[in-house]
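To start, the structure under review is shown below, and the notes come after it.
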Amino acid sequence: ARIRHYKWEIKYEYRSPDCYKKLVITINGRTPGPTIFAQQNDTVIVEVKNNLLTENTAIHWHGIRQIGTPWFDGTEGVTQCPVLPGDTFVYKFVVDRPGTYLYHAHYGMQREAGLYGSIRVALPDGKSEPFAYDYDRSIILNDWYHKSTYEQAAGLSSIDFQWVDEPQSLLIHGKGRLNCSTANSPLKAGVCNNTNPECSLYSMTVVPGKTYRLRISSLTALSALSFQIEGHNMSVVEADGHYVEPFVVKNLFIYSGETYSVLVKTDRDPSRNYWATTNVVSRNSTTPPGLAIFNYYPNHPRRSPPTIPPSGPLWNDVDSRFNQSLAIKARKGHMHSPPATSDRVIVLLNTQNVVNGTRRWSVNDVSFNLPHTPYLIALKENLLHTFSQTPPPEGYDFVNYNISVKQEDSNGTTSDAIYRLQFNSTVDIILQNANSMVSDVSETHPWHLHGHDFWVLGYGRGKFDRINDPKKYNLVDPIMKNTVPVHPYGWTALRFKADNPGVWAFHCHIESHFFMGMRVAFEEGIERVGKLPSSIMGCGETKHFRKP
Ligand code: C2O
Ligand code: CU
């Protein structure tokens, strides 16, 4: 195993990813940031210099379990204090499994300012994947707002609530193309400029007659997406770092925080280019589709395909999305069986609430607040007075709560309490969706677990039946993932082993939902956590632990 050493400078710069000029966060001048390339069991060292001038930061390595290094998970308030402007923070962790992963800011709503990228972990030399391909490429999908994350965060947390609304564009690998003449965002002269050479569509050049492995990931702030390549089928072979029993799709549904590998054959008419597009599903969105060019060599990479870009499925076609979720199974010969039973079942009802006059997202009517002292440090150093010791609820009123209608009483509370799990126990999480505070609306929430992969035991519609639904769990070939959607008015059942000492966030990966409190945290095996590095200290009651 090798050491992969990266030095990153993080700063704000003016960029026009979709022709609209705004301040974005770059890593070494780029957004998306540089891809981290490593092999299984390598050690990755990233020296992050925070040059944001007036903003803190922290970077999370999404999908990397941080076994033995829970303090480098990069989750501000949970595993570390924020990195102050001018400071350099060194992350050091082992990438112990091959696959496609991500990294992104985990501070406030900073991720959607552009601080994100991908991690590609290859197999060790001499080992090969259970599928064949000629070339390996990554594409990150995103949505894009023109307002700053500060404006958005302030709007979401004020009494005079300002929802972030639909994003202005969809980016494919950091690029989009807003039509400045029709854009409905305020167009000050020079701010939106279609002739800016920086704003061109992303073009992926492919050689005809080959098989491509495309690693497709999503770090959208809000949108659930469908991704498609005109005229080409995709065979899904990997999800969140685990091999999938292959299945073929025309549209790949992908939720924020998920990664997939698909195999694509470049076997179409090679005399032209094709469109690759994204479009918003699950919300009746005003956001125009994202466009990129699938460029068959040697056609010019900028040459527009002669056709109309394919439109994806209807935004409210929930059946197709359920069906894709159900189709994802572990690949034969690569299954890891889950424990047959669990020790504890935690039901998380996804609710939207009003707390002290502000709108929040919650579980079981409790919206999450981050304490000033990160949990990992508070627990390890026995500072239990720094957060509430009243355990958060493990369920809701199963008998009387009607998940299909808007509640008459939307009042909720906030808490900074966490779930403490028995080390090595098996835990089931039931994500139960419900109607939001708007009649006839139930949103899609992609939930992401830090520090673990979980088995996806099942999806269902309506209210989860605690007696009968567990009998239908897939215990034979469930996929393991780190991010999973709960579909509108549906439920999703997960199982994981609490075998990674540390404190781990579990949250909706929609940036505004997360910011509005749609998260929880799990502690397990804190007594087994090694000595904390002093670099994670400095905030709340941890100041005196920081060595000068
Ligand atoms: Cu990718 Cu806690 O997030
Ligand atoms: Cu959500």
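Going by the UniProt record's numbering, the letters in the sequence shown line up with residues 35 to 582, in that order.
Every residue gets a Cβ at the ideal spot worked out from N, C-alpha and C, and that includes glycine.
Q: Following the continuous beta strand (DSSP E) through S237, name the residue where it begins and the one where it ends.
A: Translated into positions along the sequence shown, residue 237 becomes position 203. Secondary structure note for S237: its beta strand (DSSP E) is the uninterrupted segment 236-240.
Q | Option nearest S260 by Cα separation, candidates N230, P51, Y169, S354 | A | Mapped onto the sequence shown, residue 260 falls at position 226. Nearest option by C-alpha distance: S354.
Q. Just to confirm, does M552 get its C-beta within under 7 angstroms of one of the non-hydrogen atoms of ligand 2?
A. Looking up residue 552 in the sequence shown gives position 518. Closer than 7 angstroms to some heavy atom of ligand 2: that describes the Cβ of M552.
Q.
Among the candidates T392, E81, C115, whose CA atom is the shortest distance from the CA of A188?
A. In the sequence shown, residue 188 corresponds to position 154, counting from 1. Comparing Cα positions, the closest option is T392.
Q. In whole angstroms, what is the alpha-carbon distance linking N534 and R454?
A. Along the sequence shown, one-based indexing puts residue 534 at 500. Along the sequence shown, one-based indexing puts residue 454 at 420. Approximately 13 angstroms between the Cα atoms of the pair.
Q. Taking any heavy atom of ligand 1 as the mark, which residues have a C-beta closer than 7 angstroms to it, listed down the chain?
A. H94, H96, T109, L136, H138, H140, G291, H482, H484, A539, H541, H543
Q: Compare the beta carbon distance of P480 and S290 with 8 angstroms and say whether it is the shorter of the two.
A: By one-based count along the sequence shown, residue 480 stands at place 446. By one-based count along the sequence shown, residue 290 stands at place 256. Taking 8 angstroms as the Cβ cut-off, P480 and S290 qualify as a contacting pair.
Q: Could you tell me whether the stretch 36-46 touches the stretch 75-85, using the rule of 3 or more Cβ pairs below 8 angstroms?
A: yes
Q) Which first and last residues belong to the alpha helix (DSSP H) in which V352 is found? A) The count along the sequence shown starts at 1 and reaches residue 352 at position 318. Element bounds for V352: 352-361.
Q. With 16 other CB atoms within 10 Å as the buried threshold, where does D107 fall?
A. Within the sequence shown, numbered from 1, the residue matching residue 107 stands at position 73. D107 comes out buried.
Q.
I need the straight-line Cα distance from A468 to R500, nearest angstrom please.
A. Translated into the one-based positions of the sequence shown, residue 468 becomes position 434. Translated into the one-based positions of the sequence shown, residue 500 becomes position 466. Taking the straight line joining both Cα atoms gives about 16 angstroms.
Q) Relative to the alpha-carbon of H541, which residue among M571, F402, G559 has its alpha-carbon at the smallest distance? A) The residue labelled residue 541 in the question sits at position 507 within the sequence shown. Residue F402 is the option with its Cα nearest to H541.
(Q) Taking the beta carbon of I263 as the centre, do at least 16 other beta carbons fall within 10 Å, making it buried, or is it exposed? (A) Taking the first residue of the sequence shown as position 1, residue 263 is located at position 229. By the Cβ neighbour-count rule, I263 is buried, with 16 or more other Cβ atoms within 10 Å of its own.
Q) Between N329 and P335, is the Cβ-Cβ spacing less than 8 angstroms? A) Here residue 329 corresponds to residue number 295 of the sequence shown, with the count starting at 1. Here residue 335 corresponds to residue number 301 of the sequence shown, with the count starting at 1. A contact, by the Cβ cut-off of 8 angstroms.
(Q) Run through the DSSP bridge pairs and tell me what W489 is partnered with. (A) One-based indexing of the sequence shown puts residue 489 at position 455. Per DSSP, M514, R529.
Q | Of the listed residues A374, Q73, A412, nearest to V510 (C-alpha basis) | A | The residue you call residue 510 lines up with position 476 of the sequence shown. Selection A374, Q73, A412 evaluated against V510 yields A374 as nearest (Cα-Cα).
Q. In whole angstroms, what separates the C-alpha of V389 from that of S476?
A. Within the sequence shown, residue 389 is the residue found at index 355, counting from 1. Within the sequence shown, residue 476 is the residue found at index 442, counting from 1. Looking at the two C-alpha atoms, the distance is approximately 20 angstroms.
Q. Between the C-alpha atoms of I380 and V461, what's the straight-line distance to the nearest angstrom?
A. As a working note, residue 380 is residue 346 in the sequence shown. As a working note, residue 461 is residue 427 in the sequence shown. The straight-line gap from Cα to Cα measures roughly 8 angstroms.
Q) If you compare alpha carbons, which of I174, G492, I464, P119 is closest to M238? A) As a first step, residue 238 must be located in the sequence shown, where it is residue number 204. Ranking the options by Cα distance to M238, first place goes to I174.
Q) Could you give the C-beta distance for E43 and N85, rounded to a whole number, given that I count them as a contact under 8 angstroms? A) In the sequence shown, the residue the question calls residue 43 occupies position 9. In the sequence shown, the residue the question calls residue 85 occupies position 51. Right, the Cβ-Cβ distance comes to about 6 angstroms (below 8 angstroms), so this counts as a contact.
Q. In chain order, which beta strand (DSSP E) runs of at least 3 residues are fully inside the stretch 264-352?
A. 268-273, 276-283, 286-288, 293-299, 308-315, 324-330
Q.
For G133, which residues in the same chain have their Cβ closer than 6 angstroms to its Cβ, ignoring the five residues on either side in sequence?
A. If you number the sequence shown from 1, residue 133 lands on position 99. V155, G275.
(Q) What does the alpha-carbon distance come out to for the pair Y54 and K181? (A) As a position in the sequence shown, residue 54 is number 20, starting the count at 1. As a position in the sequence shown, residue 181 is number 147, starting the count at 1. About 11 angstroms.
Q | Cα-Cα separation, D52 to W395 | A | Counting from 1 along the sequence shown, the entry for residue 52 is found at position 18. Counting from 1 along the sequence shown, the entry for residue 395 is found at position 361. One C-alpha to the other measures close to 30 angstroms.
Q. When the distance is taken between beta carbons, is V314 closer than 8 angstroms to F248?
A. As a working mapping, residue 248 is identified with position 214 in the sequence shown. As a working mapping, residue 314 is identified with position 280 in the sequence shown. Phe is not the amino acid found at residue 248; the sequence shown has Leu there. No.
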